[in-house]
Structures are given as structure tokens and as C-alpha cells.
Amino acid sequence: MIALNRLRQKIQYAATTPLEQSYLRESLILRCSQSKATLILLTTTFAILLIVVHAPTEVLLYWILPVFLSLLFRNQFAQNIRPTLETAAPEILQRYDLILRGNSLFNQTLVGSGIWTVGYSGNPDAQILVTLIICLFGIGAMTNLAQDYLSFKLSTPFLMFQPILFWMLHGKDGLTIWVPIFTIFVLMLRAARSNESTFRESISIRFENAEILKELQIERQTTLQALTNAEQANRSKTFFMAAASHDLRQPLYAATLLHDTMSTLEAPDAMRALLEQQGKTLSLLMSLFDDLLDLSRFEANQITPSPETFRLDEALETLATQYLPECQHKHLDLQVDLMPVTIRSDRQLLYRLLSNLISNAIRYTERGSIQLHIADTANGALIAIRDTGCGIAPEHQSIVFGEFQQIYQQQEHGKGRGIGLGLAIVKQIANVLEFKLHLTSEVGQGSCFFVTIPAKACISPLN
Numbered sequence: 003m004i005a006l007n008r009l010r011q012k013i014q015y016a017a018t019t020p021l022e023q024s025y026l027r028e029s030l031i032l033r034c035s036q037s038k039a040t041l042i043l044l045t046t047t048f049a050i051l052l053i054v055v056h057a058p059t060e061v062l063l064y065w066i067l068p069v070f071l072s073l074l075f076r077n078q079f080a081q082n083i084r085p086t087l088e089t090a091a092p093e094i095l096q097r098y099d100l101i102l103r104g105n106s107l108f109n110q111t112l113v114g115s116g117i118w119t120v121g122y123s124g125n126p127d128a129q130i131l132v133t134l135i136i137c138l139f140g141i142g143a144m145t146n147l148a149q150d151y152l153s154f155k156l157s158t159p160f161l162m163f164q165p166i167l168f169w170m171l172h173g174k175d176g177l178t179i180w181v182p183i184f185t186i187f188v189l190m191l192r193a194a195r196s197n198e199s200t201f202r203e204s205i206s207i208r209f210e211n212a213e214i215l216k217e218l219q220i221e222r223q224t225t226l227q228a229l230t231n232a233e234q235a236n237r238s239k240t241f242f243m244a245a246a247s248h249d250l251r252q253p254l255y256a257a258t259l260l261h262d263t264m265s266t267l268e269a270p271d272a273m274r275a276l277l278e279q280q281g282k283t284l285s286l287l288m289s290l291f292d293d294l295l296d297l298s299r300f301e302a303n304q305i306t307p308s309p310e311t312f313r314l315d316e317a318l319e320t321l322a323t324q325y326l327p328e329c330q331h332k333h334l335d336l337q338v339d340l341m342p343v344t345i346r347s348d349r350q351l352l353y354r355l356l357s358n359l360i361s362n363a364i365r366y367t368e369r370g371s372i373q374l375h376i377a378d379t380a381n382g383a384l385i386a387i388r389d390t391g392c393g394i395a396p397e398h399q400s401i402v403f404g405e406f407q408q409i410y411q412q413q414e415h416g417k418g419r420g421i422g423l424g425l426a427i428v429k430q431i432a433n434v435l436e437f438k439l440h441l442t443s444e445v446g447q448g449s450c451f452f453v454t455i456p457a458k459a460c461i462s463p464l465n
């Protein structure tokens, strides 16, 4: 019992980490899958031995029968535990490992004992043939235990040292036999160690890949959940913006109507000035609610373009006429250079896009000029709206089309001039109409917004 406990402590695999458990699990799977082949091969060899070797049958059976029964037990045990190995707990795997290792030790001892059982029959042919069978069994064990060097190292000496000792007892006559057997044994040990190292490396790589895949799956689930939450939050925001802008416009309409009524009445100059300021504030609020409602409709995909054919240069000329008084009020030079071109697109959406860009240019330009230009490019018609205003810093240009991005306020220009929806709406309209937007800007020099209308939307060629 003491010896058995020592053996148990020596050969038990301490599967304390997930990687070591993976080694043990794969090793058991391979050993179980090879047990049947070992049984068939050795049974065939024994049958040939019974036919060829001229030795007493009962002597051969004394050796063959215990070996066959031991291998039969191993094969049956392997078949029974094989379906459970994928899900077995670590302590169960260690128990299976201990049984298979003990069986390997027992089998190799039995096979090696054949040199004594059959060898002492006095038949030289039988001695040589049994020695050959033992060596072949050792090579087979090296293959079968390729992933378990400890089992091979513990059990193979009980197999190989028996024929070595047998032939050493023959003196010089056995020298030419036991020396090669010992050499084979040493080479087998080295090969078995190399095989296990390769096996462990492959399992380690597979384990690392599995861990990486598991982490990626977790990150993917986390990302998908975050994306779902973000989409839900965005839908909630869109719904709130639409509801708030719609509901708040009702009292705003009433306030506007009341203001218009009061403006028709006789009033002192001081009151007239207050009414004028009130009118500007109401107009600003109405514009703000319009922007909120439009943005929510774009985000909810409720805007569908209604294409029609019209002159792009005439549309831009109309907008220039509309914004000319505002430019004159700020002493800005409005320059127009428009090529005649006919396009097919949504007139109202294009008006809104260009109107936002022009009003933005005027709002943030205190001196200089506003330039409206249509040019011909390989990709279609190019609209350029250039100003000599405060410009946009390079670090802000990538986010200028985002919602609620108050770039100019961050640069300490134009405080109180909006909440950052104008260019966001421009971006949404461009996406709906499949236009491309581009920006160049330099702080203190001004900005230029480019709108490219694709060639497929241009009816007449540009000159």
C-alpha cells in the first residue's frame, strides 16, 4: 500500500491550471483512441507467434494470455471513458490518468516478461522473435504515449530492461543483442521527450487561440450590447427632440401671433424697440425648433427626396439675392460666379443645405467677403461657398458636421450664435441626396465649404 501511494504521488498529474487541464484532457483522448489499435496489432502478433515459434503452447499462453487480458481491459476502459472526457472534472481526469498510467506500467512489465517465459524454453528462434516483439512493442508504446512522457519514462524500463538483462546473462554471445536494444531504448526516450514537447506546444497554441477567441466573443458581445444601448439612447433622443420641438412650437406660435398683433398697435419708441427685440428672439426660437424637428426626422429616416429638374445656378442666384441685404447690413461683399448647369435633385433640400452654409458664412464673418461659385470637375458640379471669417482650427474640422458641435464658441468666436445644428443638418441632407462635402479652413483667414453634386445628377454638361 505504501509503494502504491508513492507511485500515485509520483505519476499523478497535478492539473492545477486551465492549460495543464487541457494538456491532460487531450492526452487522455489520444491514449483512448489508440488503445484499440494496440490491442488488434498485438493480438495479430501473438497469433503469428503461436504459429511460427516452436515452443510449448502452454508456455506461450502463460505469457500471451495475461498480456491480452490486460490490453483488453485497457481497451474497454478507454471506450467507456472516452465520451466523458470532454466534460469531465479535473479530479476525474486525474483518476483516469492514474489508471491508464498504472495499466501502461503493468502491460509493459507483462510484455517484457515474455523473454523469461518463452526464452527459457531453449529455442533460439523463439528468444530472438520474442526480443523483436518486445522492441516493436516499445516503439508502439512510444507512439501511443507520445503525449505523456512521464508514463513512457516510468513504464518502458520495465519492458526494455528485461530483454537487456536476459541477453547480458548470455555473456559475450548476448553482447551484440543487448547493446543495440539499450541504444534503441535511449533513442526512444529522447524521441518520446521531443514528441511530448511538440504535443504540449501544439496544445498551448490551441489553448491560447481558444482564449483569444473567447475574449473576442466577450468583447463582441460587450460591443453589441453597447451598440444596442447607444441605438436605443439615440432613438430615445430622436423621439424626445421630435416631441419637444413639436409640442413647444404650439405656445411659440401663440407668442408669435401675439407679437404680430402688438406690432400693429401704436406704441412709444421704447416699446417699439422691445417689440423688435422680441420679434428677433421669437424668430430665433422658431428657427431652433425647426432645426430640432428636421434633425429628428432625418435621424428617423423620415425624409424622402423628391427629385425634380432645375437650374442649379438659378437656385444659387436666388439664395444670393435673399441673403444680399444681410451681407449689406454687415458691410460684406457678396461675390457670385455661377456656371449654368441643370441638375435633377430635391430642390427644397438643396435650398436648405445651401441656405445653412451661406447663413453660417455670413454669421461668422465680420469683414471681407462671401463668395458663391459653381465649377466643373471630373466628378460632377462643384459648389464652393467661401468666407473670410474666423476660420476653423484643424483639430475641430473633423467634428464640425456633428450634432451640437459649437466649434466657434470653443474658439471664443461667435458666442451665443446657435447650438450647433446647422452643419449637422447640412451633413444629413448631403447623405440623403448623395452629395459629398469637403471643408478647407484656416484660423483667421476663413473657410470654404465644397458640395460635390455627382455627375449622374447633372442633366446638362458644364461649359
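Numbering-wise (our numbering), the sequence shown opens with residue 3 and increments by one. Backbone N, C-alpha and C fix where the C-beta goes; we use that ideal spot for every residue, glycine too.
Compare the beta carbon distance of Ile372 and Leu336 with 8 Å and say whether it is the shorter of the two. Closer than 8 Å, so yes.
Quick check: Val69 and Val113, are their CB atoms within less than 8 Å of each other? Contact annotation: Val69 and Val113 have beta-carbon atoms nearer than 8 Å.
Would the stretch 177 to 184 and the stretch 155 to 167 be scored as touching if the rule is three or more Cβ pairs under 8 Å? At 8 Å Cβ cutoff, the stretches touch.
For Ser475, list the residues DSSP reports as bridge partners. A query on residue 475 cannot be resolved here, the shown segment of the chain reaching from 3 to 465 and no further.
Own chain, CB closer than 7 Å to Tyr98, minus 5 neighbours either side, in chain order: So the list reads Leu30, Ile83, once near-sequence residues are dropped.
Rounding to the nearest angstrom, what Cα-Cα distance links Ser153 and Arg103 in this structure? Computed Cα separation, rounded: 6 Å.
Where in the stretch 76 to 101 do unbroken runs of the alpha helix (DSSP H), each at least 4 residues long, occur, reported from the N-terminal end onward? Fully enclosed alpha helix (DSSP H) runs of 4 or longer: not present.
Please list, in chain order, all residues of the same chain as Ser462 whose beta carbon is under 7 Å from its beta carbon, the five residues on each side excluded. Setting aside the 5 residues that flank it on each side, Ser462 is surrounded in the same chain by Val343, Thr344, each with a C-beta closer than 7 Å to its C-beta; the list follows chain order.
Is the distance from the Cβ of Asp389 to the Cβ of Ala363 below 8 Å? In this structure, the beta-carbon distance from Asp389 to Ala363 falls below 8 Å.
Flag this pair as yes or no: are the beta carbons of Thr454 and Asn381 separated by less than 8 Å? With contacts defined as CB atoms closer than 8 Å, Thr454 and Asn381 qualify as a contacting pair.
Neighbour-count burial assignment, Ala232, 16 or more Cβ in a 10 Å radius: With fewer than 16 other Cβ atoms within 10 Å, it is exposed.
Where the alpha helix (DSSP H) through Glu160 begins and ends: One detail in the question is off: residue 160 reads as Phe in this sequence, not Glu. Secondary structure note for Phe160: its alpha helix (DSSP H) is the uninterrupted segment 151 to 170.
Can you give me the C-alpha to C-alpha distance between Asn303 and Gln430, rounded to a whole angstrom? For Asn303 and Gln430, the distance between alpha carbons rounds to 10 Å.
Collapsed DSSP secondary structure at Ser371 in the structure displayed: It is a strand residue.
Under DSSP, the beta strand (DSSP E) around Cys329 begins and ends at which residues? No beta strand (DSSP E) holds Cys329; the alpha helix (DSSP H) holding it covers 314 to 331.
For a test of the three-state rule: what should DSSP assign to Ile394, helix, strand or coil? Reduced to three states, the DSSP call for Ile394 is coil.
Report the rounded CA-to-CA distance for Pro20 versus Ile214, giving the unit in angstroms. Cα-Cα distance, rounded: 14 Å.
In or out: Tyr25 buried (at least 16 other Cβ within 10 Å) or exposed? By the C-beta density criterion, Tyr25 is buried, having at least 16 other C-beta atoms within 10 angstroms.
Run the CB neighbour count on Leu71, radius 10 Å, all protein chains shown included, and call it buried at 16 or more, exposed below. Exposed: under 16 other Cβ atoms inside 10 Å.
Taking only the alpha-carbon atoms, compute the straight-line gap between Lys332 and Gln447 and give it to the nearest angstrom. The straight-line gap separating the alpha-carbon atoms of Lys332 and Gln447 is approximately 18 Å.
Need the endpoints of the alpha helix (DSSP H) that Gly446 sits in, please. DSSP places Gly446 outside any alpha helix (DSSP H), giving it a letter other than H or E.
Between the C-alpha atoms of Lys458 and Ser285, what's the straight-line distance to the nearest angstrom? CA-CA distance, Lys458 to Ser285, rounds to 38 Å.
My assumption, with CB atoms under 8 Å, is that Ile387 sits in contact with Phe437. Please give the rounded CB distance. Actually they do not touch by this definition, with Cβ atoms about 13 Å apart.
Using the beta-carbon count (16 or more within 10 Å), is Asn211 buried or exposed? Asn211 is exposed by the Cβ-count criterion.
Measure the alpha-carbon distance for Leu147 versus Ser35 and round it to whole angstroms. Taking the straight line from one Cα to the other gives about 11 Å.
Between Phe187 and the rest of its own chain, which residues show a CB-CB distance below 6 Å, the 5 nearest in sequence each way excluded? Answer for Phe187: Met162, listed in chain order.
Can you give me the C-alpha to C-alpha distance between Gly121 and Thr178, rounded to a whole angstrom? About 17 Å.
Residues near Ala194 by beta carbon distance below 6 Å, same chain, minus five either side: Contacts found: Met144, Tyr151, Phe154.
Give the range of the beta strand (DSSP E) segment to which Ser347 is assigned. Unbroken beta strand (DSSP E) run through Ser347: 344 to 347.
Please classify Asn105: is it buried, with 16 or more other beta-carbons within 10 angstroms of its beta-carbon, or exposed? Its Cβ being crowded by 16 or more others within 10 Å, Asn105 is buried.
Tell whether a beta-carbon distance below 8 Å holds between Glu310 and Arg354. Taking 8 Å as the Cβ cut-off, Glu310 and Arg354 do not qualify as a contacting pair.
Restricting to Cα atoms, I'd like to know which of Thr263, Ser449, Glu22 is closest to Ser204. Distance from the Cα of Ser204 is smallest, within the candidate group Thr263, Ser449, Glu22, for Glu22.
Beta-carbon separation of Gly404 and Ser443 under 8 Å? Taking a C-beta distance under 8 Å as the contact criterion, Gly404 and Ser443 do not qualify as a contact pair.
For Glu198, is the classification buried or exposed, using 16 other Cβ atoms within 10 angstroms of its Cβ as the cut-off for buried? Burial call: buried.
Who does Lys438 pair with in a DSSP beta bridge? Per DSSP, Thr454.
Counted within 10 angstroms of its Cβ, other Cβ atoms place Gly173 as buried (16 or more) or exposed: Counting Cβ neighbours within 10 Å, Gly173 comes out exposed, since fewer than 16 surround it.
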